[in-house]
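Peer 1:
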Amino acid sequence: MGLLKAIVKVFHFNRTNWKALFLCLLAAVVFWLFNALNKTYSTNIRFPLTFAYDQQRFMPAVALPTYVTLNVSGLGW
Numbered sequence: 011m012g013l014l015k016a017i018v019k020v021f022h023f024n025r026t027n028w029k030a031l032f033l034c035l036l037a038a039v040v041f042w043l044f045n046a047l048n049k050t051y052s053t054n055i056r057f058p059l060t061f062a063y064d065q066q067r068f069m070p071a072v073a074l075p076t077y078v079t080l081n082v083s084g085l086g087w
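Numbering-wise (our numbering), the sequence shown opens with residue 11 and increments by one.
#1: Sort out for me which residues DSSP pairs residue 57 with in a bridge.
#2: Quick check: the stretch 49–56 against the stretch 69–82, are at least 3 beta-carbon pairs closer than 8 angstroms?
#3: Go through its chain and collect everything with a Cβ distance to residue 39's Cβ below 6 angstroms, but skip five positions before and after it.
#4: Opposite residue 84 in the DSSP bridges: which residues?
#5: Throw me the rounded Cβ distance for the residue 90 and residue 59 pair, which I believe falls under 8 angstroms.
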């Protein structure tokens with residue numbers, strides 16, 4: 011029971027200091043956001059392809075691809 015009271019006491023804060031707690035939480039969120047936006051992100055996108063041609067006049071020598079994979083990268087900003 012003493013351990014439970016100690017844990018509750020750690021998370022209990024004075025209600026008059028809620029502005030300071032909110033300010034610290036806001037600062038932490040802003041720093042996290044700036045850190046996340048400074049990273050370089052990269053992903054692969056599979057994009058479907060369709061070819062419109064006269065199939066009676068033209069015959070491909072090899073099978074045409076049905077999709078193309080694009081590698082897109084950029085900053086978080």
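Cβ coordinates follow ideal geometry from the N, Cα and C atoms, glycine included. On a predicted model such as this, the values are computed, not experimentally measured, just so you know.
Peer 2: To lay it out plainly:
#1: 78
#2: yes
#3: none
#4: 51
#5: Residue 90 cannot be examined here, being either before or after the span of the chain that is shown, 11 to 87.
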